Structures are given as C-alpha cells and as structure tokens.
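Participant: Below is a structure I'd like to ask you about.
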Amino acid sequence: MDSENVKPSCLDKSIPKQRGEINLSTYAFLIAEMVIYSNKQSNDITDFKSRMAEFGRFIGVRLLDLTYYRDRNNKREVKFLEQMNFIKKYVWKSIYGKEADKLERDYSDPLIYYIMEKDPIINKFLPNDRLNFSCAYLNAGIIEAILNESNFPCKTDIIHSDGWVYYTIKFDKSVVSK
Amino acid sequence: MSKTSGKYNVTDPRKISYELFTLTYGSFVMQLIKDYEDVDEVNKQLDTIGYNMGNRMIEDFLARNPHISRCSDFRETAEVLSKQAFKMFLGIQPQVTNWNNSFDEFSLIIDPNPLTEFVEFPDHGKFEKLNYSQIICGAIRGALEMVQLKVECNLKTDQNKGDSTYTEIRIKFVEIIQDAIPVGED
C-alpha cells in the first residue's frame, strides 16, 4: 500500500447508528443560498425547478440505501405502493423528524399518486407570495430519485394548495401494470 | 457572559437531521463544480456564499443569545465563536488553539467536521485544491464583519488535503471597522 492510501476511506468507517441533529436555522440559511444561487443561474422558472430538483436527486440517491440499512434492516420493498409508503414514513422521518402527512391516488389518472405534506419544514421561511421559488422542489427531487433508483420510473412535480404541498408522482406505465 | 439559564437562553429546539444537511451541502458543492469547472472559482464562490450566510446568521445568533454582549478582546471572541456560535449552528465545539504571541491570530480545529462526513474525493488529484469547507470561513468572516470585526479567515487544512483527518481554520484579526457599511445582497 503506498502512502496515499493510508487515509481511511469513508467506506471503511461504520455508519453511525444514531443520527445527529443540526439546527434548522443553519439548514435554512444554506437552502436560502441555494435558492438564490439557482435563481441567479437559471433563465426561467422551469430551469429553477429542475436545478432545485437536481439537488434533491443527489440527496435522494444517497438517502435510499442509508435509510434501508438503518431503519429497515436492509429489507427492501418490491411494490411501488409500499415504496411510496416507505418514503412517506421512513425517509421523511429520518430527514425531517416527522412523517409526511398523507398518501393518496389521483381519481382520474391511475398513473398519478400524491404524497401530501402540510407546511413542509423546508418551506418554513418562504413567504406565501413566493411559492414559485418553493424549496419543496428539492423534496420532489428526493422522492423522484428514490423511486427511480428502486426501479419505479416516474416524474415528480409539486402543487401548492392552501399550505399543503402535493408531491405529484407520475409513474411510468410499466410500473402500475406490474 | 452571564447566566446560562432562563427563559431566553433556550437553544432552538427545531432540528433536522444533520445527514440531510451534509448531503444538501454536498449537492451544492457538486453543482458549483459543474457550473464553474475551475476549482479556484468554486473556492471563491463558496467563500462568498458563506459570507452571505454569515451576514444573516449573526442576527439569528444574537437574537437567540441576548446575554452575549460585546467581547472585550479577541480571545473572548474566539471563545464565543467556538463555544456558542459553532455549538448553536453546527452542534460542535471546535478547539481554539495555536494563538500567536500577540493574541490576534488563532486556529479552530474542527474534528469531526459535519460538512465532510461521507465526503470522499477521487484519487486523480483534480480536487486537491478544493477548499470544501471554505463556506465556514466565509460565514465567520461575514458574521464578524457585521459586528465590526474585520478578520482574515482561511482554511489551513481540510479533509481532502494531504492526509489530514480534521479541518483547521486560521483566523486573523485585522481591524475594528469604524463605520459599518450596509451590506448588499451580493
């Protein structure tokens, strides 16, 4: 082994069982900067959305295995409904300390499902007239990455309504017909 | 600093998982690298972003810790910075050390550094010069500037550099700013 490899890799370290916590303000300041940055870099609102979702995807992919490992004893879900439930329950609990509020399906379109959350923490400091710049796009990115990674291809978006955020999940046809 | 109990001294109970924070920061740095491609430019951006955060964080800090008054010397500033500010915002207490003889320059040893958890750099050395935790330096500089302290703040070692396992930040007192200039968005 040459001298460069002496430094222990982060894969050699064990994953801490206990999760640490950090002040919400710090996180809010960071998110604020990310929103400002994304807004500066993007030409329009669609661009902004996809940039925020991209941040979320980066996080989601990495959260998936961590949450499986820690909360589910590596037990994986094979049905998309259960996978959504897993996100609602375990993933949300592990990152925000509470579950998302509801899981519902669209009554007209069998491909569309909603994870619903009342006043998401990430939007706590967002004024109501700035919902265009919703930080919840990041959450949508997390959900999308987790579902895509577990082989339930889908696209996500969000709808704001009266303090509620609906994470719209539109699955690929192949998923629902399984 | 007076008593540490009382109604207004309750630290903020609202918390989120620090892994989410670490991952979010990671995604941000990745995006910056993608957008700028040049490591030096990324360092500069991280510093500015930190500076902007620091500008706002100091207000939050003082509002939640009303018992903290003006520091009498730079050593007190260092103590408050490590024992109160870092504790409040990152949940850690870095070690204050390596004072120079005139007591206007010191180091903060951050170990473990919550920002660098899970972080690993590819071997090809392209990111050797990346100051991953530069945002902390920016934040310190930004926050202290709002209380009329001009400091120089540099990352001396970071986890991706050499075989260092901790992060060392060197902070140097420059001057007391006499007239506070309003700070803009950028």
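In the order they appear, the protein sequences are chains R and X.
Read in the working numbering, the first sequence has 47 at position 56, and its numbers run on one by one without any break.
Read in the working numbering, the second sequence has 89 at position 88, and its numbers run on one by one without any break.
A virtual CB, placed ideally from N, CA and C, is assigned to each residue, including glycine.
This one's a predicted model, so the numbers in the text were calculated from it and none came from an experiment.
Suppose you measure from the CA of ALA136/R to the CA of ALA44/R; what does that come to, to the nearest Å?
Facilitator: The residue you call residue 136/R lines up with position 145 of the first sequence. The residue you call residue 44/R lines up with position 53 of the first sequence. If I take the Cα positions, the gap works out to 9 Å.
Participant: I need the boundaries of the alpha helix (DSSP H) containing SER165/R, first residue and last residue.
Facilitator: Here residue 165/R corresponds to residue number 174 of the first sequence, with the count starting at 1. It spans 164 to 167 - the alpha helix (DSSP H) in which SER165/R sits, taken as one unbroken run.
Participant: Which same chain residues, not among the five before or five after ALA127/R, have their C-beta less than 7 Å away from its C-beta?
Facilitator: Here residue 127/R corresponds to residue number 136 of the first sequence, with the count starting at 1. Excluding positions up to five away in sequence, the list reads PRO111, ILE113, ASN114, ILE149 and VAL156.
Participant: Nearest by alpha-carbon distance to ARG71/X: which of THR158/X, THR168/X, LYS173/X and MET147/X is it?
Facilitator: Position 70 of the second sequence, counted from the first residue, corresponds to residue 71/X. Of the listed residues, the one whose Cα sits closest to ARG71/X is MET147/X.
Participant: Classify LEU109/X: buried if its beta carbon has 16 or more other beta carbons within 10 angstroms, exposed otherwise.
Facilitator: Counted from its first residue, the second sequence places residue 109/X at position 108. Buried, because 16 or more other Cβ atoms sit within 10 Å of the Cβ of LEU109/X.
Participant: Residues of the stretch 37 to 48 of chain R in Cβ contact with chain X at a cutoff of 9 Å, in chain order, please.
Facilitator: For the stretch 37 to 48 of chain R, which is checked against every Cβ of chain X, the residues closer than 9 Å are ARG42, GLU45, PHE46, GLY47 and ARG48.
Participant: Could you list which residues in chain X have their beta carbon closer than 8 Å to that of ARG67/R, in chain order?
Facilitator: Counting from 1 along the first sequence, the entry for residue 67/R is found at position 76. Within chain X, no residue comes near ARG67/R; the closest Cβ sits about 20 Å away, beyond 8 Å.
Participant: Counting C-beta neighbours from all protein chains within 10 Å, is the total for PHE75/X 16 or more, i.e. buried, or is it exposed?
Facilitator: Here residue 75/X is taken as the residue at index 74 of the second sequence, counted from 1. Burial call: buried.
Participant: Comparing the C-beta of GLN74/R with each C-beta of chain X, is any distance below 8 Å?
Facilitator: Your numbering for residue 74/R matches position 83 in the first sequence. No, its Cβ sits nowhere closer than 8 Å to a Cβ of chain X.
Participant: Measuring only the C-alpha atoms, how far is VAL52/R from THR49/X?
Facilitator: Locating residue 52/R in the first sequence gives position 61, where the first residue counts as 1. Locating residue 49/X in the second sequence gives position 48, where the first residue counts as 1. Going from the Cα of VAL52/R to the Cα of THR49/X covers about 28 Å.
Participant: When the cut-off is 8 Å and only beta carbons count, does TYR133/X lie next to chain R?
Facilitator: In the second sequence, residue 133/X corresponds to position 132, counting from 1. Not an interface residue.
Participant: Does the beta carbon of LEU138/R sit closer than 8 Å to a beta carbon anywhere in chain X?
Facilitator: Counted from its first residue, the first sequence places residue 138/R at position 147. It does not: the Cβ of LEU138/R has no partner Cβ on chain X nearer than 8 Å.
Participant: Strictly below 7 Å CB to CB, what residues from chain X border SER85/R?
Facilitator: Mapped onto the first sequence, residue 85/R falls at position 94. Residues of chain X passing the Cβ test: SER18.
Participant: Please determine, among SER16/R, ALA23/R, GLU140/R and ILE133/R, the residue with the shortest C-alpha to C-alpha distance to ASP189/X.
Facilitator: Residue 189/X lies beyond the range of chain X shown here (2 to 187); nothing can be said about it.
Participant: The beta strand (DSSP E) that contains ASP148/R, what's its start and end?
Facilitator: In the first sequence, residue 148/R corresponds to position 157, counting from 1. First-last of the beta strand (DSSP E) with ASP148/R: 145 to 152.
Participant: How far does the alpha helix (DSSP H) with SER108/X in it reach, from first residue to last?
Facilitator: In the second sequence, residue 108/X corresponds to position 107, counting from 1. Not the alpha helix (DSSP H): SER108/X falls in the beta strand (DSSP E), residues 106 to 111.
Participant: Let me make sure I understand the geometry here. Which of ASP36/X, SER73/X and ILE34/X has the alpha-carbon closest to that of LEU150/X?
Facilitator: To locate residue 150/X, count along the second sequence from 1; it is residue 149. Residue SER73/X is the option with its Cα nearest to LEU150/X.
Participant: For the 8 Å Cβ check, are there 3 or more pairs between the stretch 29 to 44 of chain R and the stretch 22 to 30 of chain X?
Facilitator: Result no; under three Cβ-Cβ pairs closer than 8 Å.
Participant: By DSSP, does ASN10/X sit in helix, in strand, or in coil?
Facilitator: Counted from its first residue, the second sequence places residue 10/X at position 9. Only weak support exists for where ASN10/X lies, its pLDDT of 40 falling under 50; the value from the coordinates is given anyway. Note: ASN10/X maps to helix in three-state DSSP.
Participant: Got a sec, what are the start and stop residues for the alpha helix (DSSP H) CYS138/X sits in?
Facilitator: In the second sequence, the residue the question calls residue 138/X occupies position 137. Element bounds for CYS138/X: 135 to 147.
Participant: Note the first and the last residue of the continuous alpha helix (DSSP H) segment covering GLN96/X.
Facilitator: Translated into the one-based positions of the second sequence, residue 96/X becomes position 95. It is not in any alpha helix (DSSP H) - GLN96/X instead sits in the beta strand (DSSP E) that spans 96 to 98.
Participant: So, PHE107/X versus ALA79/X, is the Cβ gap smaller than 8 Å?
Facilitator: The residue given as residue 107/X occupies position 106 in the second sequence. The residue given as residue 79/X occupies position 78 in the second sequence. Result yes, Cβ atoms of PHE107/X and ALA79/X sit closer than 8 Å.
Participant: For TYR104/R, does the three-state DSSP call read helix, strand or coil?
Facilitator: Translated into positions along the first sequence, residue 104/R becomes position 113. Note: TYR104/R maps to strand in three-state DSSP.
Participant: Using the rule of at least 16 other Cβ atoms within 10 Å of the residue's Cβ for burial, across every protein chain shown, is GLY55/X buried or exposed?
Facilitator: Here residue 55/X is taken as the residue at index 54 of the second sequence, counted from 1. GLY55/X is buried by the Cβ-count criterion.
Participant: By DSSP, does GLU60/X sit in helix, in strand, or in coil?
Facilitator: Reading the second sequence from its first residue, position 59 is the one you call residue 60/X. In the structure shown, GLU60/X sits in a helix (DSSP, three-state: H, G or I).
Participant: Please check if any C-beta of chain X sits within less than 8 Å of the C-beta of GLY11/R.
Facilitator: Taking the first sequence and counting its residues from 1, one reaches residue 11/R at position 20. True, the Cβ-Cβ gap to chain X drops below 8 Å.
Participant: Give the straight-line distance between the Cα atoms of PHE90/X and PHE119/X, rounded to the nearest whole angstrom.
Facilitator: Indexing the second sequence from 1 puts residue 90/X at position 89. Indexing the second sequence from 1 puts residue 119/X at position 118. Roughly 19 Å between the two C-alpha positions.
Participant: Could you run through the stretch 107 to 123 of chain R and flag, in chain order, every residue whose CB is less than 7 Å away from some CB of chain X?
Facilitator: Of all residues in the stretch 107 to 123 of chain R, ILE112 have a Cβ within less than 7 Å of some Cβ in chain X.
Participant: How many Å lie between SER125/R and GLY132/R at the Cα?
Facilitator: The residue labelled residue 125/R in the question sits at position 134 within the first sequence. The residue labelled residue 132/R in the question sits at position 141 within the first sequence. Near 12 Å, if we compare the C-alpha coordinates of GLY132/R and SER125/R.
Participant: So what's ASN14/R in DSSP terms, helix, strand or just coil?
Facilitator: The sequence position of residue 14/R within the first sequence is 23, counting from 1. Residue state, collapsed to three classes: strand.
Participant: Am I right that LEU129/R and PHE77/R are in contact with their C-beta atoms under 8 Å? What's the rounded C-beta distance?
Facilitator: One-based indexing of the first sequence puts residue 129/R at position 138. One-based indexing of the first sequence puts residue 77/R at position 86. About 19 Å separates the two Cβ atoms, so there is no contact after all.
Participant: Quick one: residues in its chain with C-beta nearer than 8 Å to the C-beta of LYS84/X, no 5 flanking neighbours on either side, listed in chain order?
Facilitator: Here the question's residue 84/X lines up with position 83 in the second sequence. The residues are GLN94.
Participant: Can you pull the chain X neighbours of PHE20/R, defined as C-beta to C-beta under 7 Å?
Facilitator: Position 29 of the first sequence, counted from the start, is the residue given in the question as residue 20/R. MET54, ARG57 and MET58, listed in chain order.
Participant: Based on the DSSP output, what are the partners of LYS161/R in its beta bridges?
Facilitator: The residue given as residue 161/R occupies position 170 in the first sequence. ILE103/R and LYS146/R, per the DSSP bridge assignment.
Participant: So, are the CB atoms of LEU55/R and SER141/R less than 8 Å apart?
Facilitator: For this step, residue 55/R is matched to residue 64 along the first sequence. For this step, residue 141/R is matched to residue 150 along the first sequence. The answer is yes: Cβ separation under 8 Å.
Participant: Quickly, what does DSSP pair LYS109/R with across the bridge? List them, please.
Facilitator: As a first step, residue 109/R must be located in the first sequence, where it is residue number 118. According to DSSP, LYS109/R bridges with TRP155/R.
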